[in-house]
Structures are given as structure tokens and as C-alpha cells.
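The block underneath contains the structure these notes are about, expressed in C-alpha cells.
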Amino acid sequence: MRSGGRERPFVLSRAFFAGSQRYGKTLKNPPVWFQGEAGSFYPFFRAHAHIDTKRREPYLMDEENRNVIHEALRLRYKLLPYWYTLFYQSHISGLPVARPLWLEFPRDKNTYNIEDQIMI
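Sequential numbering of the sequence shown, starting at 1, is according to UniProt numbering.
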């Protein structure tokens, strides 16, 4: 690494994340919604909008929502060392950063149909 280990690289791609796909490609997959709190628990945190849609920057929201997002960001920054570790483990093992439950608990058949929860 050029920085001698002083900098930590971070790749942001709409094609999930580096190493999770065979070919790096960005497809147009429109976001359905943005929830500031939920973003604290995902590999990346951002508000994304198409040029023709309403802007989503936190500073444009009302005070109550700004406060909620502020607390979510504080939590996010506390979790960054953990996220970095997960990305490193993913780099070494090839396992995804955010994993479906069945991957963590392959013997539990109840996890096979759970599609709305992830392990981080």
C-alpha cells in the first residue's frame, strides 16, 4: 500500500461492493427509499437521488429528522472500525460483508426463507 498503512481505502459501488460480483458494473438500480437510521447498519451510508427527484440531504430536512440522522451518523462513526474489520475479513475469506442469516446458520432451516434480515 502506497501510504504505508496510514490510509484505509474504501470502495463505494452501486454494484454492491468490491469482490461481491464477477464483473464490476454499475447498473441503474433506482433506490426505493432512504432511511437515515438504517444506513448506520449497512456497509455504506448515503442519501442518493436522481437529478430529477427531490433532494435528500439531511440539512434540508426538518429539525426532528436532522436530529435522528445526526444520532445515526454518530453511531455510524462508532461502528467504522468494525466495518473496516468486516471488509478486511471479506477480502481475506471472500464472504460478503452483510451476510444472509442462512450463511451464518446453515443448519437452521428456518433461516433459509428469511430475506429481510442480515448479519453484520
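A virtual CB, placed ideally from N, CA and C, is assigned to each residue, including glycine.
Fewer than three pairs of CB atoms, one per stretch, sit closer than 8 Å, so the region 51 to 71 makes no contact with the region 91 to 102. Looking at Pro106, Ile120, Arg76 and Arg6, the one whose alpha-carbon comes closest to that of Gln89 is Ile120. With contacts defined as CB atoms closer than 8 Å, Ser40 and Leu86 fail to qualify as a contacting pair. In the three-state scheme derived from DSSP, where H, G and I count as helix and E and B as strand, Ile92 is classed as helix.
Contact annotation, Tyr77 with Arg66: C-beta distance approximately 16 Å; criterion of less than 8 Å not satisfied. Collapsing the DSSP output to three states places Ile114 in coil.
In the structure shown, Pro106 adopts coil according to DSSP, grouped into three states.
Around Phe45, the same chain offers Gly39 and Arg76 as residues with beta carbons nearer than 7 Å, after the five sequence neighbours per side are excluded.
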